[in-house]
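Down below is the structure, laid out as structure tokens.
In the working numbering, the protein residues as written are 9 to 245.
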């Protein structure tokens, strides 16, 4: 009964649909961590139970081998006693002959009993060995399922971390909009542009002032030449 319970539990765990469990879980990572722990604990329990079952089967096999050996041994003893009885009977020693024939009968009875015990144990042994093979196969399935669970858990954790990092990057990018005039960067850019415009205006103003001064100098030069020529006319030269 215990073996069937163990086998049933192993079969249930091996048939478990990990993807469906993940889809139905509110927190897949926590669920997978718990599943890994459950599988690890069940594998440990199953190994202990299977080892005990195998040990019991091996003891039964030893008993069966001993029955087979005992049957052969009693068969040899029966043959030896019968041969001795035949020799004594040939020699006319009836009492001794009957004694060894009786011993042969006892040995044959023991042989038959040992053969029957061995025969009766064989179906049970076959069933037990079949059960052991199923348990071993189920255990192997559980161990492979545990490997899959751990791999899926690691993949999920990696994907979750990547998604979290991407979310942070997206949030950071969303908070920095250089084209938004209301943002700090936009306002700073506008301030710089105003300063640049101010500098350009001052430069242009300074240029205009210098041009006017040089134009005034040119006018003064023209007036001086006019006065000089007028003086030359008056002097008759």
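Positions of the beta carbon are idealized from the N, C-alpha and C atoms, including for glycine.
Just measuring C-alpha positions, the residue of 67, 61, 83 and 52 sitting nearest residue 122 is 83. By the 16-neighbour rule on beta-carbons within 10 angstroms, residue 146 is buried.
Judged by beta-carbon spacing, residue 76 lies beyond the 9 Å limit of residue 137, meaning their Cβ atoms are not closer than that value. Nearest neighbour of residue 62 by Cα position, chosen from 104, 46 and 143, turns out to be 143. By the 16-neighbour rule on beta-carbons within 10 angstroms, residue 208 is exposed.
With contacts defined as CB atoms closer than 9 Å, residue 47 and residue 153 qualify as a contacting pair.
In the structure shown, the three-state DSSP call for residue 100 is coil. Sixteen is the threshold: when 16 or more other Cβ atoms of the shown chains lie within 10 Å of the Cβ of residue 108, as they do, the residue is buried. With contact defined as three or more Cβ pairs closer than 8 Å, the segment 109 to 129 and the segment 67 to 81 are in contact. If you check the CB distance, residue 157 and residue 38 do not come in under 9 Å.
Taking one beta carbon from each stretch, the segment 79 to 98 and the segment 114 to 121 have 3 or more pairs nearer than 8 Å; the two touch. A direct Cα-Cα distance of roughly 30 Å separates residue 87 from residue 67.
Beta-carbon to beta-carbon, residue 151 and residue 51 are separated by about 6 Å, close enough to satisfy the 8 Å threshold.
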